[in-house]
Every structure is written in structure tokens, then in C-alpha cells.
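*Asks:* The sequence shown begins at 34 in my numbering and counts up one residue at a time. Glycine included, every Cβ here is placed at the ideal spot set by N, Cα and C. Have a look at this one before I ask anything.
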Amino acid sequence: MKNVYFDHDGNVDDLVSLLLLLQVPDINLLGVGVVDADGYLDPAVEASRKIIDHFNSQGHTLSVAASDSRPVHQFPKEWRLISYSYNAMPLLNRWDDIQTPLAPVPAHQDMVTKIRQADGPTTVVMTGPLTDLARALTLAPDIAPKIERLYWMGGTMNHQGNVNEPGVDGTAEWNAYWDPQAVQTVWDSQIPIQMVGLESTDELPLTDELRHHWAQMVGYPAVDLIGQGYALVLSYEANSTYYLWDVLTAVSSQFPELVDTQTVTSRVITKGKGAGRTYLDPAGRPVQLVTRAHREAFFDQVDRLAQAATYQTKP
């Protein structure tokens, strides 16, 4: 049984990723960490605990760890506010009290404890900034050999970023830009990395056709939650295309046949106008870059996991 630690930053795609990971059979989900990045920390932590309360189909014994990591560059407020709306979803608020506990320590310390205590190696899946892992490695370098692989949604290798802030050159991706030095710290480690960059999900746009598909799948609470969550994305993505970056990262970590990858060597820029840029360099460190997602197989797998979810209406 594969050990998995999931660290995310609380937006819709992150929370859908948690929902789907909870449905994967034959994994041991060790813990969940939440960082104050693409979503506000408090509602993102609460939403994570509620998802576990209602959709923990495999019966994992879990707590949720709130990160105390802080940004070098914070995400736009307009994006982060979605975490409040998601946390208010009726499907997540049937119970009077949240049952899934908070971890007693911050996320990076929780990661260290869970990896050290795990029986065998751990897969780390991260759909937000790498700060918690970087801090965990600094605090406890001994965990590095215990991490079988890191699956990370972040960066881009084609210099077409999504950070459009004053004083930057537009080549960085937000999860890397949030804390560029954390990316460098992880790149300096020996942990094998599989990276879903901005260009990795060209086959997986959030379309009206996809929204309609989920709307027609009546009778599956997890599908309803997925569809309702992605309806919120319209509030800030009306004039651009949203792709399922985080969900691809989480699902392909457990179903590798859903993607094609290529080994590339890369570096990261930590300062200046290109801070957070990941780029190809023959002298850089090896990374498995996802180059293509198999669209039909991916969405079939998402549907299967969501349809298999059991919804707990009472604690």
C-alpha cells in the first residue's frame, strides 16, 4: 500500500484533488497540509476537514495541518476568496461540528512526523507552493531518502508564466513565484520530482462541455461538489482559460498511465524580474516533466473516482 502525504493551498482544484485522493483504493493517506496561498488558510483548512468528514470513503485516519509558512509574493486576493465560498457549500455543512481534527503542529512539522513514522517510503503530492516541503527538509534532512517521489503542480518550462504583477517579466508560475527559494531548496535535494507545469494540461481545459457533463451526472454527491466548485471559477477566470492543473497532478500520481513524461534538466531563478522561473538548462537537475495528458482516460478516471465516493450524512 502506497503512503501519500498531500499538501495544497486551498483553491477549488486543490480541494477537488483532496476529494479524489480520498477515493483512491490501496493508498495510505498519511496526512494533509494546507498553506495560506491560493486560498485563505482558515476556510481552506475547514473545507479540507469537512471533505474528509463527508467523503472519506477508504476510512483513512486523518488530521489536517495548517501551515504557518508565509509568502514572498502573495496570490491575488480575488483568487483566494473562493476558499470562503467553497467552505460554505451545503454538501460540506450537513454536520453541526467538524469531526476531522486539526494536527497539533504546523504542516511542515506534520510532514516530517508522518514521513518519519511511515512504514516504508512516502509519495508527496503538492498542488501549491513548495515551502512546507523545503522547510521540512531544512528541519529534518533525514526525511529526503524516505520520499519516494514528489509530484508537484508548479512552474513552467516554456517561459509563458501566469504571474502578471508589477516588476516581473511574466515568465514565472504562481506556485513557484509564491516562494522561489523554496523551489531552489527542493531542486537542491535528491528527491525524484515529477512536475506538472502550466503547459502540461493543454488537453484539460475547463469547458462548458465539461461543466454540462458533470451537471448531467445526477445522484453522485462528489460529482455535484466538483461541478459546484468549478462554477466558482467563473468569478475570476471569465476572460481566460482554466485548466485542471492540480487534479492532473493528484490523479496522475496514482495513475501514471494517464500522462506522458519526459526527463528534462532544469534550474530556477530566485530573485529579480524572473523570480520563480523554472527553465531548461543542460547543467540543471533532472525532473520528469509531464508533456501530455490523455484526456479521455483522465476524465474517465475522475468520473470513476467521484462516482465511487460515499457521502456521509451523519457523524
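Hey, how far is the Cα of S116 from the Cα of H192?
*Replies:* 29 Å
*Asks:* Going by Cα to Cα distance, which pick from R103, Y275, L183 is closest to D241?
*Replies:* Comparing Cα positions, the closest option is Y275.
*Asks:* Tell me the DSSP secondary structure of H41 in three-state form.
*Replies:* strand
*Asks:* List the residues that DSSP assigns as beta-bridge partners of N61.
*Replies:* N36
*Asks:* Ignoring anything shorter than 4 residues or poking outside the segment 210-273, list the alpha helix (DSSP H) runs there in chain order.
*Replies:* 213-220, 241-248, 254-264, 267-270
*Asks:* Return the CA-CA distance between A205 and S118, expressed in angstroms with no decimal places.
*Replies:* 28 Å
*Asks:* Go ahead and pull the three-state DSSP assignment for T298.
*Replies:* strand
*Asks:* Short of 6 Å in beta carbon distance, which residues of its chain neighbour A140, apart from the five on each side in sequence? Order them along the chain.
*Replies:* G66, A98, S100, D165
*Asks:* H87 to Q142, Cα distance in whole Å?
*Replies:* 26 Å
*Asks:* Do V201 and L163 come within 7 Å of each other at the CB atom, strictly closer than that value?
*Replies:* Taking 7 Å as the cut-off, the Cβ atoms of L163 and V201 do not count as close.
*Asks:* I need the DSSP call for V138, collapsed to helix, strand or coil.
*Replies:* Annotated three-state conformation of V138 is coil, per DSSP.
*Asks:* Between the Cα of S285 and those of I85, M159, T298, N44, spot the shortest distance and give me the residue it belongs to.
*Replies:* M159
*Asks:* Excluding the 5 residues preceding and the 5 following R310 in the sequence, name in chain order all residues of the same chain whose CB lies nearer than 6 Å to its CB.
*Replies:* T204, A205, I302
*Asks:* Can you tell me whether P289 is helix, strand or coil according to DSSP?
*Replies:* helix
*Asks:* How would you write the range of the beta strand (DSSP E) that Y275 sits in, first residue to last?
*Replies:* Note, Y275: premise wrong, no beta strand (DSSP E); not H, not E.
*Asks:* Please state whether DSSP places M159 in a helix, a strand or coil.
*Replies:* strand
*Asks:* May I have the straight-line CA-CA distance separating G194 from G187, to the nearest angstrom?
*Replies:* 10 Å
*Asks:* Could you check what DSSP says for P319 in three-state terms: helix, strand or coil?
*Replies:* strand
*Asks:* Would you mind sorting R103 into buried or exposed? The rule is 16 or more other CB atoms within 10 Å of its CB.
*Replies:* exposed
*Asks:* May I ask you to report which of helix, strand or coil DSSP gives V145?
*Replies:* helix
*Asks:* Whole angstroms is fine: what's the gap from Y73's alpha carbon to S233's?
*Replies:* 26 Å
*Asks:* Using a Cβ-Cβ cutoff of less than 7 Å, which residues in the same chain neighbour F332 once the five nearest sequence positions on both sides are dropped?
*Replies:* none
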